[in-house]
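Protein chains in written order, with our numbering: chain C, 1 to 727; chain D, 728 to 807.
Even for Gly, the Cβ is constructed at its ideal location relative to N, Cα and C.
None of these values were measured; they are calculated from a predicted model.
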């Protein structure tokens, strides 16, 4: 995907999150001018960004919303739940467009109908109050009617009201237009009225600059977007140039017929001269820009292209030349994977990487020096130097690993900020008033963890609202505030990240959980009776358990909580539960700060899948069994003049051997702790990245196994501890 | 000097006039009411300078050397 587009997607999503945040806060307190301003600015900036990408449908939809928000800011329009819903709907639409853009690498082409639907919502809102007509655009209308010639070609009307301190801030507002090739009109007017020169403050910007621009450059759009509220812009549709009639039209038709003749020798020459003729016709009609563009086709354009251009001139659809092409470049290599979500990284962390790269370069250069020493034959000096270099490189690689892992660290805000909106929707559909508080959004964790937390947290929040929070009547009877509070909080504890969802609902009804567990036969009755209340509450995480009296659309399909536990455990974390009858429930995720990914080669031995850490694997060998010979009680084979002991993996790990040994032995030659060995396995598998978890419970301390992980198909992969195996 | 009174009694703008030249231009125009501004040697003018010309509307001797000023700004200053 085009780098521009990528950046646009990131920024747009951030702005949408910010706008959503502000809108939701505004719904709580419609009088919050700061939030209203924040939402307005986010819409304004989003609109500007859409303009830069030439995504006019999106700019139009956002503009309509921005107008109404501006009216609300001016006190001309009340902030109503309907207005907030409309603004949120607008953002939803934008998100859909962004998703489509991300998937295809291009802004969607047929977004106009959707944009119309959004615009209609706001026109309706605005129509309720005649004062709130889009006054913003009147200046643009005046500008267009003042310059009809330019109006036909203008694609953007700009009004720039520099901040009074703009000069002091080092801005030169007029310079904005200096290098803009498509500038059609430029005008100045005083912000108020020009004061007497005697009272004039030369350091204060007090003028308004308006301009019409044909095919604004991306750089220009960026600059006006960066100026924020100082610049207002309106996207315009250039009117097509008038069709050429009379003798001029006939002349063009003649050129076209000539081009339609047989292709072959001289076709290119004919196309060139036709383009020049048409360019002259255009120039005589006073359409110099178009003439220039046509003339540029004379040199080497394919006859079909020229013919096409002439046909457009005849039909009047020939548009003036764009200053430069803004077509989003489609990267043919852009696969869905390549388009995976990008990551914003702190500059400091990148700097750390840059520094390390520098040090690595130095280390590499030092190696060249060692190789020169080797050429001289001073073996001892070479060995000494290599040892030093190895130490340096080892340290650098370790630091590089740490720096790269640090790149992957994200604040939990990334996942938390998606919930207020979702909780709002759940509240509406469940008709249980509740609000969501978030705490500790700045807590950081590995990207993998942050991104994988969304689903489990959503399940827990749903359950809290659906099952935890009582109905308004029950709350009133219990003397609780009618609106429930759900708190989503995060904090770091040592190497761990704690994420909690706390509700002030009724707590877990232990008696009911017992009853259901008995009915669903989750365990024998006597075992169930022996469980403590805490253990019983924990049964809500058991597969297939659901306490919902009626199945709602929100939760209650009995997949929620056990899926939560599975998801969190897959991340190397655990879920715990604290519930107090009548006071509420806390669901706590305890997660590792980072997930250590290990690259392993999978092998099968004795019907079990094992992972061998890739860094230990030297090579794989397949050889006839008779090449493996007994050495005392052990076995070994010769690999390039070296005797390598053979370890039968299945046998060593206490698995059953197949009755008849294969004629060909599969060996993985691996090294650890300075030893080398060939591990005999039944089958060689794939290489994969796995999240390694230390063995717990009964398996803890199993010799030769470093940890375990779940395979995609649910099987357990035991990752071998070669250090121990090769002892 | 980018802003100075010349022998003909006009305020002459030369080279690229920066934001600080606005104050100098303003005080010269105040000290010499009715003085013309000769900007034929002007190669660029900061918005602050243009703003003084807009507010004061002195008679102009042009066109300025800078093409942008000549094409876009001068017509706005000479129109009454």
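Would residue i and residue j qualify as a contact pair, given that the criterion is a beta-carbon distance under 8 Å?
i: residue 561(C); j: residue 459(C); result: yes
i: residue 750(C); j: residue 216(C); result: This structure leaves residue 750(C) out entirely; chain C is present only between 1 and 727.
i: residue 676(C); j: residue 588(C); result: no
i: residue 436(C); j: residue 423(C); result: yes
i: residue 665(C); j: residue 625(C); result: yes
i: residue 582(C); j: residue 507(C); result: yes
i: residue 72(C); j: residue 36(C); result: yes
i: residue 755(D); j: residue 202(C); result: no
i: residue 584(C); j: residue 515(C); result: no
i: residue 719(C); j: residue 692(C); result: yes
i: residue 208(C); j: residue 233(C); result: no
i: residue 306(C); j: residue 271(C); result: yes
i: residue 95(C); j: residue 16(C); result: yes
i: residue 644(C); j: residue 669(C); result: yes
i: residue 49(C); j: residue 225(C); result: yes
i: residue 707(C); j: residue 725(C); result: no
i: residue 729(C); j: residue 795(D); result: Absent from the structure is residue 729(C), since the part of chain C shown begins at 1 and ends at 727.
Residues in the same chain with beta-carbon distance under 8 Å from residue i, minus the five sequence neighbours each way, listed in chain order, please.
i: residue 363(C); result: 389, 392, 393, 396
i: residue 441(C); result: 411, 412, 413, 416, 417, 490
i: residue 554(C); result: With a pLDDT of 45 at residue 554(C), under the threshold of 50, the predicted position of this residue should be treated as unreliable, and no value is reported.
i: residue 192(C); result: 206
DSSP three-state call for residue i: helix, strand or coil?
i: residue 79(C); result: coil
i: residue 170(C); result: coil
i: residue 576(C); result: strand
i: residue 337(C); result: Its pLDDT being 32, under 50, residue 337(C) is placed unreliably by the model, and the measurement read from it follows with that caveat. If DSSP states are grouped into helix, strand and coil, residue 337(C) belongs with coil.
i: residue 588(C); result: strand
i: residue 653(C); result: coil
i: residue 355(C); result: helix
i: residue 552(C); result: In this prediction, residue 552(C) has a pLDDT of 46, which is less than 50 and means its spatial position is unreliable; nothing more can be read from the coordinates.
i: residue 420(C); result: helix
i: residue 765(D); result: strand
i: residue 727(C); result: coil
i: residue 361(C); result: helix
i: residue 104(C); result: helix
i: residue 566(C); result: helix
i: residue 741(D); result: strand
i: residue 454(C); result: helix
i: residue 489(C); result: strand
i: residue 499(C); result: strand
i: residue 685(C); result: strand
i: residue 720(C); result: strand
i: residue 202(C); result: coil
i: residue 784(D); result: coil
i: residue 320(C); result: The predicted position of residue 320(C) is uncertain, since its pLDDT is 45 and thus under 50; no value can be drawn from it.
Keeping to the same chain, check which residues put their C-beta closer than 7 Å to that of residue i; ignore five residues upstream and five downstream.
i: residue 741(D); result: 729, 768, 769
i: residue 727(C); result: none
i: residue 446(C); result: 408, 409, 593, 594, 595
i: residue 335(C); result: Residue confidence is low: residue 335(C) scores 32 on pLDDT, short of 50, so the model does not pin down where it sits. Its coordinate-derived value is still stated next. Within the same chain, residue 335(C) has no close Cβ partners at all.
i: residue 792(D); result: 767, 768, 769, 770
i: residue 56(C); result: 235
i: residue 777(D); result: 800
i: residue 139(C); result: 159, 210
i: residue 23(C); result: 39, 84, 87, 88
i: residue 661(C); result: 625
i: residue 119(C); result: 60, 61, 64
i: residue 283(C); result: 291
Skipping 5 residues on each side, what residues in its chain have a beta carbon closer than 6 Å to that of residue i?
i: residue 228(C); result: none
i: residue 144(C); result: 151
(message) My parser needs the beta strand (DSSP E) runs of 3 or more residues fully inside the region 524-548 of chain C; what are they?
(response) If we require 3 residues or more, the region 524-548 of chain C turns out to have no beta strand (DSSP E) run fully inside it.
(request) Please list the segments of the alpha helix (DSSP H) lying wholly inside the region 36-79 of chain C, counting only runs of 4 or more residues, in order along the chain. (result) You should have 56-73.
(request) Flag this pair as touching only if the region 205-214 of chain C and the region 179-187 of chain C have three or more C-beta atom pairs under 8 Å; answer yes or no. (result) Put simply, the region 205-214 of chain C touches the region 179-187 of chain C. At least three CB pairs are less than 8 Å apart.
(message) If contact is defined by three or more beta carbon pairs under 8 Å, each pair taking one atom from either stretch, is the region 676-692 of chain C in contact with the region 643-652 of chain C?
(response) The region 643-652 of chain C vs the region 676-692 of chain C: in contact.
(request) May I ask you to verify whether the region 475-491 of chain C touches the region 408-419 of chain C, counting CB pairs closer than 8 Å and requiring at least 3? (result) Contact holds: three or more Cβ-Cβ distances are below 8 Å.
(request) Kindly confirm or deny that the region 630-639 of chain C and the region 732-739 of chain D touch, where touching means at least three C-beta pairs closer than 8 Å. (result) They do not touch, by the three-pair rule.
(request) Flag this pair as touching only if the region 518-533 of chain C and the region 601-617 of chain C have three or more C-beta atom pairs under 8 Å; answer yes or no. (result) The region 518-533 of chain C, when compared against the region 601-617 of chain C, does not touch it at the 8 Å Cβ threshold.
(message) I'd like to know if the region 79-91 of chain C and the region 56-70 of chain C are in contact, where contact means that at least 3 CB-CB pairs between them fall below 8 Å.
(response) Three or more pairs of CB atoms, one per stretch, sit closer than 8 Å, so the region 79-91 of chain C contacts the region 56-70 of chain C.
(message) Could you check whether the region 397-406 of chain C touches the region 362-379 of chain C, counting it as contact only if at least three pairs of C-beta atoms, one from each stretch, sit closer than 8 Å?
(response) With a cut-off of 8 Å, the region 362-379 of chain C and the region 397-406 of chain C do not count as touching, because too few Cβ pairs lie within range.
(request) Counting only runs of 3+ residues fully inside the region 607-684 of chain C, write out the beta strand (DSSP E) ranges in chain order. (result) Within the region 607-684 of chain C, the complete beta strand (DSSP E) segments at least 3 residues long are 608-613, 617-624, 629-631, 634-639, 642-648, 664-672, 675-681, listed from N- to C-terminus.
(message) Restricting to runs no shorter than 4 residues, where is the alpha helix (DSSP H) found entirely within the region 372-446 of chain C?
(response) Counting only runs of 4+ residues, the alpha helix (DSSP H) found wholly inside the region 372-446 of chain C occupies 379-407, 413-416, 419-430, in chain order.
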